[in-house]
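Residue numbers (my numbering): 7 to 946. The C-beta atom is built at its ideal place from N, Cα and C for all residues, glycine as well. Structure, as structure tokens:
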């Protein structure tokens, strides 16, 4: 007797289309199983042989949080390469390491949360390091390349499934879970959505992650644009994964809903498919969704829609098929690529002939970052490490290089005359996170080392001030003073780090000495019988300065032929996730070191190694470079550039402003109205967008433009007229010569990074679709190519234009607003003052309201066509207050008043008043009080 084996279920049949297989598996799951899949950590379904699955593996510039991996330059550094081909190869290497690491550790996920496509609108944003550029086209070009590398090139199976972060208009850490970005329609369409749209349409994106903030008064996890925009850009099932804890924020922080059942239902209906909340414990999320089902807020079909999207990604990853991709890890090719990326990310900002350095130079390398290879929150642990000092030793020889870190060397004396003492230990070093952790925020400090004590001599500590009085203190063995969960102070950390940094302190003047406050706990340092610890009350210390950092720097600088000052930031301090910067200025400690070096030796080169721009006086410096934290090969790459082995060709991916006075408010997202980024900024930057010098020269010639019905084809010749092989980044910009609405001063259309030998010539060919010249016409609520002249500009930066010409494009002329037919949507203004855009309802639509408490807000709508005349105005209003309407800057012709507040901000009523108007007029509205305006209509 034979027993037939059970038939293979269709979802296991690799010959069937993915969609049919998803449908089959979905039909086999119970409702309870489907609900459990909505949490980040989806459990296994053993009866079907379906494994557990988790969304979310950080992989911004290498595999993060899961132990050692190849560390590439920070994302902003990859943006500075302006090289999509290079970034695609970096993405490919990262995806192969994800696969290789997963083969030995199933905690490593294949749904990678990268890249970040938030635009670097404001340089004080704490997460500047995570983005690529302030420009949407450059951002999407780099992000598209990275996602294609992450996806892999198999026609059916994806090596990893990239999720773009963070949807939408997210550039502030200050109040990030409760602040609302007021984004007018033009900025939304032309700026914030564009980087996402172009990257998704390129076809290698598995989904997006909404940001913590609100946009126009509505949490991003309820964004109507997830449905109306995102899901129209791709035929794939896009997976929307919440940010960590954001579903709970809808109730707990934002108070947008009264219950978690309502919030979970609303997020699911808006398009969130996977809830990242409460760590690995899915019970609370599943209970909330079940509660929403019981209350009729959701149906099983709604749950099916979300689960289908997750399953679609899992099938594309090959989970249910014999397809296997074991990947590659820490290969020679990956190491070489890390070096190549670090070299290409270096930007030469200024050079008066000091660089490249001659091989026989005696070099002093100084600064707080001169012997550092810093990691950030989204880095993996280092397999290999190269600091600037090590790179210069290797390239020029240790006998020609002298080093001074520039820390202040101090001792701390207590009131009874004893000194803080670091006990000697014989314990192995432990790099933070080297073992990997699903949530590194939960990693705690070491408690296996003895706490500090006191003795008669004390220990000399290395003090570095990172700005704003935020200090680190390091023991002679290289370990940083840190505080663990038991409250004791130990020399225990290899580097500052962690979600809450436990290695930073502040000296606070008190009673003729100083209190030492530990910033991670907010408590003061005190000497106790069982060792030094933090407490509610602290001891008063006298700071004994053994040596100022400037003294050591001046000493070695005076003996050198050239000085290299390496300055910048620690990515975990004063500007990171959860913390915005407060100034563009270089911290005072590092300014002192730079001045000391320059005073001792005018041949001083400044190397800024940072996650963001600085405002630095470079007028007396002969050479300046910038690089983001460059990963494992940063030091070798920098040394090769300084030596001239590689000609620098990185370009700035964002404007470097000259001072804080040039910056808009951090929460001002109106790049048009407040003239932000290179697109609209009218001041003189310190260094412009796209800037970067070379060790050779390039000539541009032969500009030619041919316009067809679908594209503008721009060609020119580029010649290396210098004596070195080098890269040039040719940049094509455009501007509307006579626009009917404010348009960018110039706007990047395309770019090309080209390698040319001395005397070599290349023909560049840019094909620009005519849609690239369109803008969002708020009068029509649609994209419009405006008829008229456009100037095309080709050059080496947004300000270094070498060739230009004007072409005429046959688009549509401006048309007046047909207010008799459409009226005026509140948010579709041309200009505003003191206005915030807010949510019309909890699910969709915009309204406007005065932004300031007690201050009126004003709106201008140009070219409103009243035809033969109207006699009545009606307005949809909520709240209470006064709406005044006038024409062409004249006195109010109608005043609409809500004297009694409506039931809530979402309850609108219609108010009417006589309003005689005819012909073509500009309409001005003034709102007073806590009044919301959704729409204005005209009739009669």
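Three-state secondary structure (DSSP) of residue i
i, result
"residue 781", "strand"
"residue 107", "helix"
"residue 941", "strand"
"residue 978", "No information on residue 978 is available, as it lies outside the stretch 7 to 946 that the chain covers here."
"residue 242", "coil"
"residue 682", "coil"
"residue 101", "helix"
"residue 207", "helix"
"residue 80", "coil"
"residue 26", "helix"
"residue 262", "coil"
"residue 4", "No statement about residue 4 is possible, as the shown extent of the chain runs from 7 to 946 and does not include it."
"residue 471", "strand"
"residue 399", "helix"
"residue 616", "coil"
"residue 296", "helix"
"residue 148", "helix"
"residue 757", "strand"
Exposure label - residue i; buried when at least 16 CB within 10 Å
i, result
"residue 365", "exposed"
"residue 14", "exposed"
"residue 339", "exposed"
"residue 816", "exposed"
"residue 160", "exposed"
"residue 775", "exposed"
"residue 21", "exposed"
"residue 386", "buried"
"residue 12", "exposed"
"residue 926", "exposed"
Between the CA atoms of residue j and residue i - distance to the nearest angstrom
i, j, result
"residue 142", "residue 549", "49 angstroms"
"residue 941", "residue 500", "58 angstroms"
"residue 612", "residue 403", "21 angstroms"
"residue 349", "residue 735", "15 angstroms"
"residue 627", "residue 408", "20 angstroms"
"residue 335", "residue 766", "37 angstroms"
"residue 453", "residue 270", "40 angstroms"
"residue 557", "residue 854", "58 angstroms"
"residue 121", "residue 904", "47 angstroms"
"residue 378", "residue 605", "24 angstroms"
"residue 642", "residue 614", "16 angstroms"
"residue 653", "residue 583", "33 angstroms"
"residue 773", "residue 718", "6 angstroms"
Distance CB(residue i)-CB(residue j) smaller than 8 angstroms
i, j, result
"residue 879", "residue 891", "yes"
"residue 476", "residue 525", "yes"
"residue 634", "residue 591", "no"
"residue 695", "residue 660", "yes"
"residue 67", "residue 54", "no"
"residue 769", "residue 731", "no"
"residue 630", "residue 367", "no"
"residue 747", "residue 674", "no"
"residue 63", "residue 118", "yes"
"residue 206", "residue 156", "no"
"residue 458", "residue 426", "yes"
"residue 280", "residue 248", "yes"
"residue 827", "residue 790", "no"
"residue 80", "residue 576", "no"
"residue 86", "residue 351", "yes"
"residue 58", "residue 65", "no"
"residue 413", "residue 559", "no"
Residue i: CB within 7 angstroms of a non-hydrogen atom of the ligand PLP
i, result
"residue 622", "Judged by which ligands are present, the structure shown has none, so any question about the ligand PLP falls away."
Cβ of residue i within 8 angstroms of any chain C Cβ
i, result
"residue 50", "Although the question refers to chain C, the structure presented lacks it and comprises just one protein chain."
Checklist entry - Three or more beta-carbon pairs under 8 angstroms between the stretch 126-133 and the stretch 629-646, yes or no? => result Touching, no, given that fewer than three Cβ pairs across the two stretches are closer than 8 angstroms.
Item to check | the stretch 867-877 touching the stretch 933-940, judged by at least three CB pairs closer than 8 angstroms | outcome: In this structure the stretch 867-877 does not lie against the stretch 933-940, because fewer than three pairs of beta carbons, one per stretch, are closer than 8 angstroms.
Checklist entry - Quick one: any contact between the stretch 143-150 and the stretch 219-231, if contact means 3 or more CB pairs under 8 angstroms? => result No, the stretch 143-150 is not in contact with the stretch 219-231.
Checklist entry - Contact between the stretch 87-97 and the stretch 35-47: three or more CB pairs below 8 angstroms? => result No contact exists between the stretch 87-97 and the stretch 35-47.
Checklist entry - Three or more C-beta pairs closer than 8 angstroms, one from the stretch 795-804 and one from the stretch 836-846: is that the case here? => result With a cut-off of 8 angstroms on Cβ pairs, the stretch 795-804 is not in contact with the stretch 836-846, counting fewer than three such pairs.
Checklist entry - For the stretch 170-182 against the stretch 670-688, are there 3 or more C-beta pairs whose distance is under 8 angstroms? => result They touch, by the three-pair rule.
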